[in-house]
Amino acid sequence: MRNLKTYHLLAAIGLSSGLLLTAIVWAADGDKPAKTDENPYAPKKSLSPQELRIFIEHLQDAPASLHERPGFADGMAEAADRILAGKPDASTRRFALLAKFEAVHQAAVNDEKDGDKKLAAMAKEFRDDKDAAVAKQAKFYLLEQRVLAADDLKPEELPKLLAEVKTALTDESLDNQHLRIASATVRMINRLADDDLALRSYKEFGEMFSKSDDSELSAYGRRIAGSTPPVSLVGKPMPIEGTTLEGTKFNIEQYRGRVVLVDFWATWCGPCRAKLPGLMKLHEQFHGKGFEIVGVDLDKELDDLGKFLDDTKLPWINVIGEKDGDEMKFPLAEKYDISGIPATFLVGRDGRVIAHDLSDEDLAKKLEELLNSKSAPRVTK
C-alpha cells in the first residue's frame, strides 16, 4: 500500500510521469524508471514553492538506492533553486539551502562531474551565512573537503585536523551524509605517527560512529571501535590471492619481477573513484616499464562493480570478495586490517611492500626511481 499512497501524494502535486513510475516501484528493490531523455527526477515547471517543498521532502524520503541514480541530485537541486529564486521567508530559505547542500553533496558522493568542486564553492559562499544552520552545514562540508585532501598533509599535521573533526562531529546526529568523512577520517588515523593517538582515535571515533541511526555508519563504527590501527606492512610480503569479477583465479605471484600497486577500493567510495583518473595516467605511463595495478574491490553488490567497470574501462584486474550464503565477505581486507579506503600499497619486485597510501605525486616519483633507474631490470610482457 506504501506505493499506492506515494503515487497519490505525488500525483496530487503534478510530478513528472518518470518520477511517478519511480514512486510506484519503490518497494521493488532493483527496479529502475523507464529510460527517457528527460530527467525523471526533475520537478514540473508548474509547481508552486509549497509544492516544490513537498517534492523535495519526498525525494529525501526515497530509498537510498534512488539517491545514487543519475539525475536525482539534479532534481533536488533544481527544486531548491526555484524556491530560493522566489525570495522565500527565512525558514523556507533555510530548508531550501540545506536541501541544496544535500543534493550537491550527493552529486559529489556519486562522483558526478565537478561534484566536489561545486560543493566546495557552495560551502565557501555560505560559510558566513546569517542563518546559523546554513553556516554550520557549509563549514562541515569545508571540513570534509580538507579531510578528503589529507593525503597531501605531512603526518605531523594530521593530529590538529583530527581534533577539528572530533569537535565538529561530537554531539552531532550522524547519518548517511557522514559516511564519506568517516572513511576519510579513519584513513587519516592510519597515517598517524603516534601509535597511542591512533589507537585512542580508533576507539573514540568508532564509538561515535556506532551511535548513528544509519545502519551502515553504525556497523562501520562498531568495527572500528573493536579493532586496532593496522600494523605497518612496509618491508613485509603481501600475498594477494582471489577471484576476479570475470571468475578467473588471481595470484599476485604472477606479477613477480614487476612493481605492483594494490588498491583497496569500492564503487560506493567517492575518494576511491576520485583517485582512479590519476592511477590510470600512471598505469599508462609506467605499465610498459614494469608497473601493474591490482584492485581489491569491497563492493557487496557485484552488479554495481560490473556496471562501473563497463563504463570506466579500468585497464587492470579487480579481485572481489567471497560469497558466504547471502553475505559478501572480504578476507583480504580482514587479513590486512583495512578499515579506511582507498588504501594503497606499493609492492616491489620481490613481493614486499615498499610504501603505502602515497599521493599521486609521490607515487610517480617512486615509480620513476624504481623503473627508470639504470639498474632496473628489463621487463618483458
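Heads up: the sequence shown at position 218 corresponds to 217 in numbering that gives the first Met the number 0, and the numbers run straight through without jumps. Ideal Cβ positions, reconstructed from N, Cα and C, are used throughout, including at glycine.
{"Check": "Are three or more beta carbon pairs between the region 77 to 90 and the region 134 to 150 nearer than 8 Å?", "Outcome": "no"}
{"Check": "Could you work out which residue in Cys271, Gly256 and Leu152 is closest to Phe263 when comparing CA atoms only?", "Outcome": "Cys271"}
{"Check": "Measuring alpha carbon to alpha carbon, tell me which of Asp130, Lys364, Ala167 and Glu156 ends up nearest Glu143.", "Outcome": "Ala167"}
{"Check": "With C-beta atoms as the reference, is Thr243 less than 8 Å away from Ile188?", "Outcome": "no"}
{"Check": "Is it buried or exposed for Gly225, if we count other Cβ within 10 angstroms and need 16 for buried?", "Outcome": "exposed"}
{"Check": "Based on DSSP bridge pairs, tell me the residues matched to Lys322.", "Outcome": "Met327"}
{"Check": "Output needed for Ala183: all residues of its chain with C-beta closer than 8 Å, excluding positions within five of it in sequence on either side, in chain order.", "Outcome": "Glu143, Val146, Leu147, Ala149, Pro270 and Gly339"}
{"Check": "Check each candidate in Phe71, Lys129 and Ala342 and name the one with the smallest Cα separation from Val103.", "Outcome": "Phe71"}
{"Check": "Inspect the CB distances between the region 171 to 181 and the region 195 to 208 and report whether three or more fall short of 8 Å.", "Outcome": "yes"}
{"Check": "Leaving out five residues before and five after Asp115 in sequence, what residues of the same chain have Cβ atoms less than 6 Å from its Cβ?", "Outcome": "Ala107"}
{"Check": "How should Asp296 be labelled, buried or exposed, when 16 other C-beta atoms within 10 angstroms of its C-beta is the threshold for buried?", "Outcome": "buried"}
{"Check": "Would you decide whether Lys31 is buried or exposed? Buried here means 16 or more other CB atoms lie within 10 Å of its CB.", "Outcome": "In this prediction, Lys31 scores a pLDDT of 46, lower than 50, which makes its location untrustworthy; no coordinate-derived value is stated."}
{"Check": "Please list the segments of the alpha helix (DSSP H) lying wholly inside the region 50 to 108, counting only runs of 4 or more residues, in order along the chain.", "Outcome": "63 to 66, 71 to 84 and 89 to 108"}
{"Check": "Starting from Asp110 and walking both ways along the alpha helix (DSSP H), at which residues does that stretch end?", "Outcome": "Element bounds for Asp110: n/a, residue is neither H nor E."}
{"Check": "If you run the structure through DSSP and keep just helix, strand and coil, what is Ala224?", "Outcome": "helix"}
{"Check": "Compare the C-alpha of Arg221 against each of Leu232, Lys99, Tyr201 and His282 and name the closest.", "Outcome": "Tyr201"}
{"Check": "By the DSSP assignment, the alpha helix (DSSP H) with Val230 in it spans what residues?", "Outcome": "No alpha helix (DSSP H) holds Val230; DSSP gives it neither H nor E."}
{"Check": "Using a Cβ-Cβ cutoff of less than 6 Å, which residues in the same chain neighbour Phe285 once the five nearest sequence positions on both sides are dropped?", "Outcome": "Leu366 and Leu370"}
{"Check": "Express the C-alpha separation of Asp212 and Pro62 in angstroms, rounding to a whole number.", "Outcome": "15 Å"}
{"Check": "Run through DSSP, which three-state label would Ala332 get?", "Outcome": "helix"}
{"Check": "Between Glu291 and Asp113, what straight-line distance do the alpha-carbon atoms span, to the nearest angstrom?", "Outcome": "28 Å"}
{"Check": "Taking the alpha-carbon positions, what's the Leu83 to Asn38 distance?", "Outcome": "21 Å"}
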